[in-house]
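Using my numbering, the letters of the sequence shown correspond one by one to residues 395 to 668.
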Amino acid sequence: MTVNIQLQQQITPELSLYAYNDIPVLHLQHAVGSAKIALQGAHLFSWQPAQTQQDVLWLSEIEPFETGTAIRGGVPICYPWFGNAGSPAHGFARTSLWQLSDYEIRTNKVRLVFSLFSALNIVLAKVEMEFSEQCELRFTHYGNSAMKNVQVALHSYFNVADINRTQIANLPTECFNSLSQSQEIVPSPRTINENVDCIYAAPQQPTEIHDQANQRTLFVTHQNASDVVLWNPWHKATSSMAENGYQTMVCVETARIHRYLEAGETVAVRLSVK
Numbered sequence: 395m396t397v398n399i400q401l402q403q404q405i406t407p408e409l410s411l412y413a414y415n416d417i418p419v420l421h422l423q424h425a426v427g428s429a430k431i432a433l434q435g436a437h438l439f440s441w442q443p444a445q446t447q448q449d450v451l452w453l454s455e456i457e458p459f460e461t462g463t464a465i466r467g468g469v470p471i472c473y474p475w476f477g478n479a480g481s482p483a484h485g486f487a488r489t490s491l492w493q494l495s496d497y498e499i500r501t502n503k504v505r506l507v508f509s510l511f512s513a514l515n516i517v518l519a520k521v522e523m524e525f526s527e528q529c530e531l532r533f534t535h536y537g538n539s540a541m542k543n544v545q546v547a548l549h550s551y552f553n554v555a556d557i558n559r560t561q562i563a564n565l566p567t568e569c570f571n572s573l574s575q576s577q578e579i580v581p582s583p584r585t586i587n588e589n590v591d592c593i594y595a596a597p598q599q600p601t602e603i604h605d606q607a608n609q610r611t612l613f614v615t616h617q618n619a620s621d622v623v624l625w626n627p628w629h630k631a632t633s634s635m636a637e638n639g640y641q642t643m644v645c646v647e648t649a650r651i652h653r654y655l656e657a658g659e660t661v662a663v664r665l666s667v668k
């Protein structure tokens with residue numbers, strides 16, 4: 395599908411607003427690197443730190459960028475529920491329009507803040523993104539009194555050269571397999587060679603993605619998470635994803651699934667590359 399990309403506004407020399415079909419997208423071009431964030435979902439779908447050859451995040455090559463359709467790739471924000479706990483699946487935040495509510499551009503870092511408002515213009519959530527040598531994404535839940543059992547997942551898709559030459563390290567050796575609905579003992583480090591959808595108890599240490607074909611390691615540090623989800627659909631047909639898209643991606647998600655969020659709580663992920 396062809397994506398029509400048009401410049402809408404130059405906000406600062408480093409920050410510009412484009413339209414990808416109907417979806418407004420912020421482009422960041424700065425000495426620390428580049429990033430792209432869709433205002434639909436406050437959705438970071440590209441981050442390439444300076445002096446690196448590849449994007450850290452994976453984006454579907456057939457992504458249609460359609461209003462109301464969640465973007466396949468990057469870091470979708472699943473909120474205020476995960477999976478099929480409500481309708482639509484993974485919550486309404488991914489398909490809602492967020493606002494750029496604050497930004498700060500310095501020589502060695504950039505901070506962008508996005509806010510999600512209710513129909514009554516009450517702030518429900520904020521996402522703060524900070525770009526330097528690393529990228530930190532902080533999600534804060536405010537919500538309202540009607541929101542119960544609030545969950546969030548920062549559903550990060552990582553770009554790897556070859557899933558067959560990728561290892562996921564520093565995850566526990568036990569997980570809940572969402573496909574078989576059972577607890578399982580699994581190897582750590584873990585390689586992926588089938589459809590995987592597993593929920594782990596969040597470890598203290600960063601998850602490491604050894605992207606051997608690209609000769610790099612991606613570090614995923616989970617903050618105030620209760621769970622980490624590992625996902626790759628393998629051959630299973632998946633919407634907005636090419637048939638062999640699974641070969642160049644792996645999802646390692648920073649989540650609060652089993653421990654609900656209180657108002658004012660923040661869940662964060664920090665990404666770095668070596």
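Positions of the beta carbon are idealized from the N, C-alpha and C atoms, including for glycine.
All of these numbers come straight from a predicted model, not from anything done at the bench.
**OP:** Output yes or no for whether 7 Å exceeds the beta carbon distance between L548 and V469.
**Re:** Result yes, Cβ atoms of L548 and V469 sit closer than 7 Å.
Original post:
Since I499 sits in a beta bridge, which residues does DSSP pair it with?
Top reply: Per DSSP, V504.
Subject >> Beta carbon of Q403 nearer than 7 Å to that of I417 >> reply: Pairing Q403 with I417 gives a Cβ-Cβ distance that is not under 7 Å.
Original post:
So, L453 versus G462, is the Cβ gap smaller than 7 Å?
Top reply: It is not a contact, given that the beta carbons lie outside the stated cut-off.
Subject >> Beta-carbon proximity list for A636, same chain, < 6 Å, skipping 5 on both sides >> reply: Counting only Cβ-Cβ distances below 6 Å, and skipping sequence neighbours, we find E455, I456.
Subject >> Rounded separation between T560 and A596 - CA only >> reply: In this structure, the straight-line span from the alpha carbon of T560 to that of A596 is close to 20 Å.
Original post:
Which first and last residues belong to the beta strand (DSSP E) in which R650 is found?
Top reply: Looking at the DSSP string, the run of the beta strand (DSSP E) that includes R650 is 643-650.
Original post:
If you compare alpha carbons, which of S666, C592, E588 is closest to Y640?
Top reply: Comparing Cα positions, the closest option is E588.
**OP:** Check whether the Cβ atoms of I499 and E408 sit closer than 7 Å, and answer yes or no.
**Re:** Cβ atoms of I499 and E408: closer than 7 Å.
Subject >> Buried or exposed by the 16-neighbour rule on C-beta atoms within 10 Å, applied to E527 >> reply: Looking at its Cβ environment, which holds fewer than 16 other Cβ atoms inside 10 Å, E527 is exposed.
**OP:** Identify which residue in V426, T489, Q545 has its Cα closest to the Cα of W475.
**Re:** Of V426, T489, Q545, the smallest CA-CA separation from W475 is found for Q545.
Original post:
With contact counted as at least three CB pairs below 8 Å, one residue from each stretch, are the stretch 504-521 and the stretch 420-431 in contact?
Top reply: The stretch 504-521 is in contact with the stretch 420-431.
**OP:** Put Y640 into one of helix, strand or coil per three-state DSSP.
**Re:** Note: Y640 maps to helix in three-state DSSP.
Subject >> Contacts around I399, its chain only, beta-carbon distance under 6 Å, and the 5 residues preceding and following it disregarded >> reply: Closer than 6 Å at Cβ, skipping near neighbours: Y412, Y414.
Original post:
In chain order, what residues of the same chain have a beta carbon less than 7 Å from the beta carbon of S512, not counting five sequence neighbours either side?
Top reply: Hits under 7 Å: L518, N538.
**OP:** Determine the burial state of E522: buried for a count of at least 16 other Cβ atoms within 10 Å of its Cβ, exposed for fewer.
**Re:** By the C-beta density criterion, E522 is buried, having at least 16 other C-beta atoms within 10 angstroms.
Original post:
Identify the residues that DSSP records as bridge partners of P418: which are they?
Top reply: Under DSSP, P418 forms a beta bridge with A413.
**OP:** Could you tell me which uninterrupted beta strand (DSSP E) segments, each at least 3 residues in length, are contained entirely in the stretch 552-635, listed from first to last along the chain?
**Re:** DSSP runs (the beta strand (DSSP E)) wholly in the stretch 552-635: 560-563, 568-571, 576-579, 590-595, 601-605, 610-617, 621-626.
Original post:
Do the stretch 482-499 and the stretch 570-589 make contact, defined as three or more Cβ pairs closer than 8 Å?
Top reply: Three or more Cβ pairs closer than 8 Å define a contact, and the stretch 482-499 falls short of that threshold against the stretch 570-589.
Subject >> Environment of A607 [buried if 16+ CB atoms lie within 10 Å] >> reply: By the 10 Å Cβ count, A607 comes out exposed.
Original post:
Using the C-alpha atoms, what's the distance from M643 back to I557?
Top reply: In a straight line, the C-alpha of I557 is about 7 Å away from that of M643.
Original post:
From C529 to E578, what distance separates their C-alpha atoms?
Top reply: Going from the Cα of C529 to the Cα of E578 covers about 32 Å.
Original post:
Quick one: what's F533 bridged to in DSSP?
Top reply: F533 is bridged to V521, V661.
Original post:
If A436 and I471 are in contact, beta carbons under 8 Å, what's the gap, nearest whole angstrom?
Top reply: 6 Å between Cβ atoms; contact.
**OP:** Would you give the residue range spanned by the beta strand (DSSP E) that F459 belongs to?
**Re:** Looking at the DSSP string, F459 is not in any beta strand (DSSP E), and its letter there is neither H nor E.
Original post:
What is the DSSP secondary structure of A429, reduced to helix, strand or coil?
Top reply: Here A429 sits in strand by DSSP.
Original post:
Between S440 and the rest of its own chain, which residues show a CB-CB distance below 8 Å, the 5 nearest in sequence each way excluded?
Top reply: For S440, same chain residues with a beta-carbon under 8 Å away, outside a window of 5 residues either side, are S428, A429, K430, D449, L451, L453, G468 in chain order.
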